[in-house]
Amino acid sequence: MRGSIKQNWLSNIRPDVLSGLVVALALIPEAIAFSIIAGVDPQVGLYASFSMAVVISITGGRPAMISAATGAMALLMVTLVRDHGLEYLLAATILTGLLQILWGYLKLANLMRFVSRSVVVGFVNALAILIFMAQLPEITGANATLTVYAIMLGGLGIIYLFPYVPKMGKVIPSPMVCIVLMTAVAMIFGLDVRTVGDMGNLPDSLPVFLIPDIPLNLDTLMIIFPYALTLSMVGLLESMMTATIVDDLTDTSSDKNRECRGQGIANVATGFLGGMAGCAMIGQTVINVKSGGRTRLSTMTAGVGLLILVVFLGPWVAQIPMAALVAVMIMVSIGTFDWGSIRDLPKKPLTTNIVMLATVAVTVATHNLAMGVLVGVLLAALFFANKIGRILQVDSVMTEQEGSRQRDYHVRGQVFFASTTRFADAFDVKEGVDRVCINVTHAHFWDVTAVEVLDRIVMKFRREGTDVEVIGLNEASQTMVDRFGVHDKTDGIIEPGGH
Amino acid sequence: MSRTIIACFDDQARADSAIGDYAAWAARRIEAPLCLLHVLEHRAMTHEDYSGQIGLGTRERMLEERTEEEGRAARQAREEGKRMLEALKARLADDTLMLDVQQRHGVLAESLREQCQSDDLLVLGRCGHQHDHGGEDTSLGAHLEDLAQHLEVPMLIAPTRFQVPVRAMVAFDGSERGLEQLSRLVRWGWLEGLETHVVHVGEPADRAPAERGAELLRAAGIDAQPVTLEGDAGRKLPAYAHEHGVDFVAMGAYGHSSLRRFLMGSTTHKLLEAMPGAILLMR
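Sequence order for the protein chains is P and G. Following full-length UniProt numbering, the residues of the first sequence are numbered contiguously, the last one being 499. Following full-length UniProt numbering, the residues of the second sequence are numbered contiguously, the last one being 283.
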């Protein structure tokens, strides 16, 4: 145990603390921005980010991954907050956590293998688009002033150019530089722009344990359950995908089911501390790993650092112009988007592209990441079934012996619901032969539909007066035929054949 | 006989490592083939880039850079390891040893879990980077604890400097399992020619178990003497070993659940830390 503590916490101290601080700095604007997306006070997102990061650093299954208040989750809770208020959101957050703990014990993470790469890419891209779209209200309509655009473009310029400044550029997080400089400019020139302070309360103290003030009855459950269910799914999906990304980047492995339970525990804690539901963050995690974070210490540092900064710098945080935050969020959305997936569109198979684009389209249209993923997974499954269904080949040869003609059919491939038509079409029942031998040594019968179609073909041959023999059924297929087939059972013959 | 002796070396190991000598000594003693295993542990590359900016294709680029850099570092480590193993082999090899070398990537504990049979013997150092400790043999490597707790294989834990063992101590708890372990020690020839102290620590002191143990050894022609001590095994056993110049200790290991061990500490751990000489940890 001592060894694992050392390995998980203390094996990479300096880079972990530094990268944790970078993440803490970058988390502040995001937590505030995501609170605003969800329609709650900035403190809800900030408390959530603190609590998620600290708890997951202990309970999670993927060291160095950053969990906090996220855009993916914020997008799902908009209507709950609008219709029922903050207390219901806190209750939903706790329920989300409880569900995730349950999913963890049910080993739901193992289902991730059914989510194909193109669905994951679609999810990530949709997430990026939604985060970007959530920024639009700040830069359109009444907010679309020249000052706002100047701050936003200036901010983006700093974010992308500052890293090229010699020495300093790689040491100080550029999103932080953007925010500090733009805030200073706004304050010095007394610019008339919306600031974080206009969006609601900022925390001036540490979070305290509280029980959401809601009636504990079935009605409440009916209100929060659908939200909690979606939140728990999307939270896990994004966490699992982010974990895979970190696994790849660091060439280490993670315990996905432990991560599920850890996310659950973190959300329960967050709900009781007055924070909104959160999950792993793709962008922040990439920032963390890029900055050298490798162990749980980096995640812990991010959470604790964030809280200290916010509580002690509260009055300054309130002065941050919203437009500067927009610049940071645009960077996050650009960094989250998988641009390679657009570049590779012409190179990839059509079905892969359709799955990816459908996931993006459905998500963006419904503002529901769960819906997008569901459609993506279903489409991918359909395409797969279709593809496998085509891996079926039936050859035949005719032999003639002493005037008796026999045709030997040789079936290769997968016989199941998607390939049965192809299978049936391959047999010429009208051919005048005496004997037919169907060799299925290299075929597999997967389902009842496949067995039924074999039955039907055998029956048809028999009605034409042809002797039929089916040979080479493998064990699994034989079991299916024994259970569901009729052609091989004398008492099961529906229509007596010609022999 | 499927029994193999696996001597484990890490990235920092050198050709003059005492682990090799102890492994060779054990291989001759119990007449088993010896495998020198060098595990190339994955070292995280850190980038001195704290800009926190993520742009187009950051993720893909990072993955490519990492793969390339780590690949380069791993190739270098593998070459160095190969040279080390060859030198070690050249130093240890003689007609009486069946010697084999192997390199694996990954974490030591995982590699061993994959390839160890339960009747193999592991030979490892007290801690990684052994030679850095200038003869100080007090700290235990994280690897060692991890392995001792999770692998059901006997282990020979080598101190920093090699010395042909002369005086052995067997920590004997008087149980049936303890007796079984004693006969196993005899069967494998571990104690042949060594002056052996069979030490039992009890509260209150009871001479019978140690006598019984020594009797068993003597019947097998081993120069054994029974010793009975009273008090805390974690302190008494190392003190006795130091006092009598013991250079080879055989003992059983880790009986508790990991939770209990974490809360209460473990006698085995204390013993491993405080014992002089080579330690044979039995299962």
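Ideal placement from N, C-alpha and C gives every residue a C-beta, glycine not left out.
Chain order gives the chain P residues near G/T58 as V286, K290, G335, where near means a beta carbon separation below 8 Å.
Closest option to P/T70, judged by alpha-carbon separation, among P/G275, P/K107, P/P212, P/G60: P/G275.
Contact with chain P is found for G/Q53, since one of that chain's Cβ atoms lies less than 8 Å from the residue's Cβ.
Between P/Q43 and P/L202, the C-beta gap is smaller than 8 Å, which places the two residues in contact. The shortest CA-to-CA distance from G/I30 to any of G/R235, G/L191, G/P204, G/E230 is the one to G/L191.
Close partners of G/D49 in chain P (Cβ separation under 7 Å): K170, K290, S291. Comparing alpha-carbon positions, the option among P/F209, P/A126, P/W316, P/D428 lying closest to P/T195 turns out to be P/W316. P/M176 and P/I320 have their C-alpha atoms spaced approximately 11 Å apart. Taking the C-beta atoms as reference points, P/T295 is found nearer than 8 Å to P/A64. Contacts with chain G at 8 Å (Cβ-Cβ) include P/V22. For G/E64, the enclosing alpha helix (DSSP H) stretches over residues 58-92. When Cβ-Cβ separations below 8 Å define contact, G/R187 makes no contact with chain P. For P/I342, the closest Cβ of chain G is not nearer than 8 Å. Sequence-distant partners of P/G314 (beyond 5 residues in either direction) whose C-beta falls short of 6 Å from its own C-beta, in its chain, are L202, D204.
DSSP places G/H105 in the uninterrupted beta strand (DSSP E) bounded by 99-105. No Cβ-Cβ contact shorter than 8 Å links G/R104 with G/V198. Taking C-beta separations shorter than 6 Å and ignoring five residues to either side along the sequence, the partners of P/G372 in its chain run A126, T359, V362, T363, following chain order. For P/G275, the nearest beta carbon of chain G is not closer than 8 Å to its own beta carbon.
Taking G/A205 as reference, the option from G/W188, G/A233, G/L216, G/A239 with the minimal CA-CA separation is G/A233. In this chain, G/Y50 is not harboured by any alpha helix (DSSP H), its DSSP state being neither H nor E. DSSP, read as helix, strand or coil, puts P/C178 in helix.
Inclusion of G/S51 and P/P349 in the CB contact set at 8 Å is not warranted, their separation being larger than that value. For P/P175, the residues of chain G that pass the 8 Å Cβ criterion are G52, Q53, in the order they occur in the chain. Counting along the chain, the unbroken alpha helix (DSSP H) around P/T250 starts and ends at 218-250.
Annotation: Cβ neighbours of G/R66 in chain P (cutoff 7 Å, chain order): L249.
Apart from the 5 residues on each side of it in sequence, P/S404 sits with its Cβ closer than 8 Å to the Cβ of D434, R435 in its chain, given in chain order. Taken atom to atom, the span from the alpha-carbon of P/I159 to that of G/Q53 is near 7 Å.
With distances taken between CA atoms, P/L307 lies nearest to P/A48 out of P/S11, P/L90, P/A48, P/I13. The Cβ atoms of P/M356 and P/S118 sit closer than 8 Å to each other. Taking each of G/E110, G/A15, G/D120 in turn and checking the Cα distance to G/C35, the smallest one comes out for G/D120. Looking at the DSSP output, G/R283 shares a beta bridge with no other residue.
Residues of chain P whose Cβ lies closer than 9 Å to the Cβ of G/E70 are, in chain order, D251. Taking a Cβ-Cβ cut-off of 7 Å, G/M282 has no neighbours in chain P, whose nearest Cβ is about 21 Å from it. G/G213 and G/F248 do not touch by the CB rule: their CB atoms are close to 16 Å apart, not below 8 Å.
P/W339 has a beta carbon lying within less than 8 Å of a beta carbon in chain G.
Here DSSP, grouped into helix, strand and coil, assigns P/I391 to coil.
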